[in-house]
Amino acid sequence: MKCPPFEYHRATSVDDAVAALAAAEDSKILAGGQSLVPVLALRLARPTVLVDVNRIPGLDGLDVRDGVLHAGALVRHAALARQALHPLAAAAAASIGHAAIRSRGTLGGSLAHADPAAELPAVLRACDGAVVVAGPDGTRRVGADALFVGALQTDLAEPEMITGVELGVPDAWGFAEFARRHGDFAVVSVAAARFGDRLRVVVGGVAGVPHLLETSAPSGTGALDEVAGALADDVDPSSDLHGSAGHRRALTRELARRALADVITEPAREPT
Amino acid sequence: MNTDHVPASGTPVRRKEDTRLLTGRGRYVSDLVLPRMRHVAFVRSPVAHARLAGIDTTEALAVDGVHAVVTGEHPALASVALRAQSALPGYVETDQPPLARGKVRFAGEAVAAVVADDRYLAEDGAEAVVVDYDPLGPTVCAWADPAGITDPVHDEAPDNLLLSRTFRAGDVEAALAAADVVVDRELTTNRHSGNPIECRAGVARYEAADRRLTFWSGTQVPHLVRTQLAELLDLPEGNIRVVAPDVGGGFGVKAVLYPEDVALCLMAIAMPGIPLKWVEDRVEHLLAATHARDHRYVLRAGFAADGALLAVRADVWCNTGAYSVYPWTAGIEPLMAGGLLTGPYKLTDYECTVRGVATNTSPSGPYRGVARPATVFAMEALLDSGARALGMDPIALRRRNLILPADVPYRMPSRLVDDSGAYEACLDRAVEVFDVRRWRAEQIRRRDAGERPIGIGVALYNELTGLGRAASAGPRMPFRTGHDACTVRVNPDGGVTVFSGVTSQGQGLETTMAQVVADALGVAYDAVDVRIGDTDESLWGFGAFSSRQAVIGGGAAHLAGGHVRDKVLALAGALKEVDVADLDLRAGQVHVRGQEKPIISLAEVARVAYLQSDRLPEGFGPGLEGTEFYDPIRGAFAAGAQLAAIEFDPTTGAVRILDWVCVEDAGRIVHPVIVDGQIAGSIAQGIGGAMYEHLVYDEAGNLSTGTLLDYLMPTSGEIPELRLDHVSTPAANPTGVRGVGEGGTLGPAAVVAGALGDALGVELDDLPVTPARVWELAGGRP
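Residue numbers (the numbering used here), protein chains in the order written: chain A, 6 to 277; chain B, 14 to 795.
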C-alpha cells in the first residue's frame, strides 16, 4: 500500500493549476486527498503528475448572494458543517466520515470524485446547484443534473478544475442517512429541498449518480407517504455486501419519510 | 521510611508500560532501523488455485533500487516447508512452503519476494514480477459436497479433509429417543479475523561470521518461534535470538509462525549482513494473515419436560483454509469446537463429529476465543430453541442445566475437567445488575405501545484458561504448552529485574508480572522491572494464547519470587545470626516478625551477595536470583455470563444496543483495570464478529472484503457502555487467578442472535446480524 511514483506540482493559482494539469498526460488534482490518497496507495490510479491545489488562495470563501450559497472549492467539510448559511449543506457535511476526514476533505473534491454514496453530490442535486469550472479555455458553469454522468464519473474534462460551487438555499430541507457504522459511507441517504412549491428529493447510494425526484411540493395528509412511496418505487438499487436491493428500497422509503417530515410539515430548522 | 508492605496485587497500580505506550514512545518492529537494512514486499497470488507455470523476474530486477527477487524455487528456500504436526489418528499432514512452490492454494499466497532500498521501490518491483498462473478448480466452502472437488487443495487429502474426530459420551441416540422435546438447528458462522492495529512485521538479520540470526518479530510466541526456526533453518537454537518488542495487538493472529516470517529469515541468511524488513500492510493482512470462525453446525438436542438437557448431537465443519496452520494444525478450531461445545452445561450423552476441511482460502488460525464464539452461539441457540419448544423462560432453562459448585470437578462429555462451577453465581449477579425484570417490563410496554421491539439476549460460557500439560494434550502436537519459566534477579543495588517468559501485545503483562513478583518477594511494585519478549533474556515461555499468561506466567513469577525471597531471608538470617523462620521481607526490608525496625535491607543483602564475598557466611555462594517453572497440569475454567437488551428497527433493520452486562469470574484479580480492559476489549471484538466483521469470498475464491472499507470493524461509536461486574472464586494455582483474555468474545454472537430471536420471534441461523438481515427477518417490508 505505497503509491506508485508521480511528479508533484504545487499550484499557486487556478491558472497555474490548469496549466499544470494540461501539461501532463495523466494528471490529477490533489485537494483534501481523502479519496485520492487511498486510491493511490492501493495503486488503483497512477497519475503522472499530482497538482496540489491546497495552497491556492481565495478558494475557501463562503457567502450567500440572492439566495444562493457561493462556496469555494477548497471549503473543508468541517467548515461546511459549521456554517449556518446553508443548513442542508451543513447537516450533510456533518455526516461525512470522521473528524479527521472532515478537516481535510473538500467540497470541490467530493463533487469531482462523484461517489454515488457521498453526501455532497446528493445535496448539489437536491439544491439544483452548479459548479464553476476553470479550464484552458476559461470558466464554465455546469449544473448538477449535467455534472454527474455515472459512478465516479463527471462531465469534467481532464485539465478542468472545480473552483466554486453554487447551492441555492432551500425554503425547507431535510437530510437523513443510514450507515453501517458511525462515519461510514451511507448505504442510502436522502436529501430533500423545497424551493417555493418545487420539491427536489435526491437519493444517494441507489444508482451510479444521485437519484432525483422532482415534483411540485405536495401538501395535506398522506403527502409524505405518497412522495416516499413514489421514490421507493422509482429507484432501482442493486445488492452488495452492505445491503440487498430490497433493503435499499425499504431504506429509501423510510429515509425519505424522515427527510421529508421536516420539508412537508415544518419550516426550516437549525442544523443538528 | 514506611515499611508497611502494601500488596500490589488487587490494586490498580500504574501500568509500567504506559509511559512509553501512551506518549508515542513504544518500540515496535516498524520503528526498527538498522544499518544496511533493506525492505521486502511480497508478490501475492491474485487467484485462489492455480499451477505456477512460470515466474519472470527480469523486469522486476531492472527496477531502480531493487536488489533481489526471490521465488519458492530459490535454493535457500526450495527444500524448506512448514509442516504442522499432530499424532491424532486420521490427521493428514501437509506442507506449507515459505513461498509458493508448484502451485498457489489461496488468493493472497506469497509467490515471490522483492528486496529493495525501501518499501515503495519494493512494491514497484513486485508489480513488475510476471507470474503465469494455470488455473485449477477452487474450493471455497468447507461443507460443499466433496463429489464436486475437481482439484483437491493438497494431493494428500483428495477429499480436502485434513482432520476429523468424533467426541462421544454415553448413548446419544437413546437419550434423544427418551427426550420429551427434540430441537434441530443448522447454523453458519461468519469468517472473520483478529485484525490487530499493528499488522504483522519482522526484521531478520544474519551475521555469517558467527552464524547468528536475530529475528525481531511482532510475535506472541518468541520462544516457540525460536525453536521452530532452529528446525526449519537448520541452525543451533542457541544461535537464534527472537525479539518481540512492543507489539500492537495480537489476538492469536500473531501466535502463528507464518511462511512470510520463514521466507524473511531464509532470505536474510542468503544475504548475510543485510537486515531485511517486512512490515505488512492492511491489504496483505486481510488477505493472508490467519482468518477464523468459518464454521457450520448441524445440531440436534433433546430435553426432558422439566428442561433438563439430555442429549446433544453435532456435526461440525470448520474451514481450515489452504494450509494447516503452523504449528497449531488444522485441528485448532475443530478440536476446540468439539471439546467445548457443551459449555457450562451438564450433559452425559454427547456425540460430536468435527472436521477440518481444506479450502482455497486464507488459512484459519487461532483467534481470541478459538472456535468458542461460534460454539457458544450454537449451544445457546439450541437452548433458546429448547426454551421456546418447552415454553420455558430461557434463563430458567439455562439455570436448570448449569454445572454447579457441588458438581466440581466436573468431567465434561469431552473429558475436559471443569473446576469452576461459578456459572450460577455469574448468572445471578448478571441478572441482578442487568435487572431482567425491568427490561421484560419495557419489552411489554413497547409491544403494547407499538414501539420498536427489544429483545433480551443471554449467553453463559466456560472459558478454558491457563491450560496445563493435561489440558493442552488434545491436539497431540510435538510440544505441550503447559508451562512457563520466570527468573527473578535481585541486582547488586537491591533493585529487582524479572525475566519472564510471558509476552505482551498491549495487555500489560509487565505490570501484572511486577505485581506478582513484588508481593511474592516482598518488595515495592516500583522496585520491580520486568523484561519480556527477548529469547536471549528470559529462559522459556510458550507465550500469549489460551488466556494462559496470568495463570501460568503468573504462577512461575510467584514461585520465582518466593524462591528468591527464601534466599534473601536465608542470607539475611545468616548475616544477622537470626533464625530464618523468624524473618520476614516487606517492602525491601528484612524484619524479625512482629518488629517494626528492620534488621537489614534487601539492598545490603544484595551488596553482600554480589560485591562482598568476604562477608558471605559459610555455605552461601555469590549472586541472588532464582528461576522457577510452573505448570498447572489442568486448566482454570473461568465462568462468564452476558446479558443485553437490544432494539431492532423492523423498518430499517437498525440494531441498537441499549444495555450490556457481563459478569466474569477472574478468580483473584491481580489488576482490576487490566482485567476490565481485557473483558471490555474482548466483548467489543465479540460484537464486531456478531454484527460487523465478515470476510467474504466469492465463488472463485477472491476476497470481496479486501479493505477496511468493506471489512467493517466496530469503533468506539458502535460499542455500547459495557457494565462489567465480577464474582471471585480463586483457582487452585499459586495466585488464584483465572484467565480473562478471551471470555468476553464468547458471548456476543449468542447474545445478539438470542436478542433478535426474542424481539422478533424468529430463529437466526447465520451471522453476522446486519441491518439487511434483520430487515429480512422482520418481514422485509419494502
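The beta carbon of each residue, even a glycine, is placed where N, CA and C say it ideally should be.
Computed from a predicted model, the values in this text were never measured in an experiment.
If you check the CB distance, A:A78 and A:T17 do not come in under 7 Å.
Assignment of B:C439 by DSSP, reduced to helix, strand and coil, places it in the helix class. Taking a C-beta cut-off of 9 Å against chain A, none of the residues of the stretch 242–267 of chain B qualify. Under the Cβ criterion of 7 Å, A:K7 is counted among the residues facing chain B. Contact fails between the stretch 683–695 of chain B and the stretch 772–787 of chain B, because fewer than three Cβ pairs, one in each stretch, are under 8 Å apart.
Judged by DSSP in its simplified three-state form, B:Q233 adopts coil rather than helix or strand. A check of alpha carbon separations from B:L403 across B:A192, B:T107 and B:L790 identifies B:A192 as the nearest. Among the bridge pairs identified by DSSP, A:D245 is matched with A:G248. Counted as a single uninterrupted DSSP element, the alpha helix (DSSP H) harbouring B:M392 occupies residues R385 to L403. Within 9 Å of the CB of A:A255, the CB atoms of chain B belong to T664, T665, G666, W788, G793, R794 and P795, in sequence order along the chain. In this structure B:G399 is in contact with B:V196, their Cβ atoms being roughly 5 Å apart against a cut-off of 8 Å. Judged by their CB atoms, B:V153 and B:G207 are not nearer to each other than the 7 Å cut-off. Secondary structure at B:V688: helix, using DSSP grouped into helix, strand and coil.
In terms of beta-carbon proximity, A:H252 lines the interface with chain B, with at least one pair separated by less than 7 Å. The beta-carbon of A:H91 is placed no less than 7 Å from the nearest beta-carbon of chain B.
Collapsing the DSSP output to three states places A:G188 in coil. In the DSSP annotation of this structure, the continuous segment of the alpha helix (DSSP H) that includes B:Q456 starts and ends at V449 to A462. Take B:K589, set aside five residues on each side of it, and the residues of its chain with a beta-carbon closer than 7 Å to its own are I612 and I613, in chain order. Ranked by how close their Cα comes to the Cα of A:L125, the residues A:A149, A:P141 and A:T226 have A:A149 in first place. Within the stretch 23–76 of chain A, the runs of alpha helix (DSSP H) at least 4 residues long that lie entirely inside it are, in chain order, 41–46.
In its chain, beyond the 5 residues on either side, A97, A268, V269, G378, P379, P488 and M490 have a beta carbon closer than 8 Å to the beta carbon of B:W341.
In terms of Cα proximity to B:G568, the closest of B:C499, B:L176, B:A281 and B:A243 is B:C499.
Close to chain B, meaning a Cβ-Cβ distance shorter than 9 Å, are the following residues of the stretch 101–122 of chain A: H103. Taking a Cβ-Cβ threshold of 8 Å, none of the residues of chain A is close to B:S206; the smallest such distance is about 16 Å. The C-beta of B:E72 comes no closer than 7 Å to any C-beta of chain A.
Taking 9 Å as the cut-off between beta carbons, the residues of the stretch 42–56 of chain A near chain B are P43, A46, L47 and R48, in sequence order. For the 7 Å CB-CB criterion, A:G134 and A:L90 do not form a contact. When 9 Å is used as the limit between beta carbons, A:L229 is near no residue of chain B, the shortest such separation being about 14 Å. Straight across, the Cα-Cα distance linking B:D131 with B:H236 is about 30 Å. Here B:D397 is buried, its C-beta having at least 16 other C-beta atoms within 10 Å. Burial state of A:Q158 is exposed, judged by a 10 Å Cβ sphere holding fewer than 16 other Cβ atoms.
Short of 7 Å from the beta carbon of A:G227, and not among the five residues preceding or following it, lies no beta carbon of its own chain.
Taken residue by residue, none of the stretch 300–311 of chain B has a beta-carbon sitting less than 9 Å from a beta-carbon on chain A.
Across the set A:A177, A:A261 and A:D267, the C-alpha of A:A261 shows the shortest separation from the C-alpha of B:T665.
Assignment of beta strand (DSSP E) within the stretch 70–142 of chain B, counting only whole runs of 3 or more residues, yields 79–84 and 123–129 in chain order. Our two residues, B:P386 and B:R218, have alpha carbons roughly 39 Å apart in a direct line.
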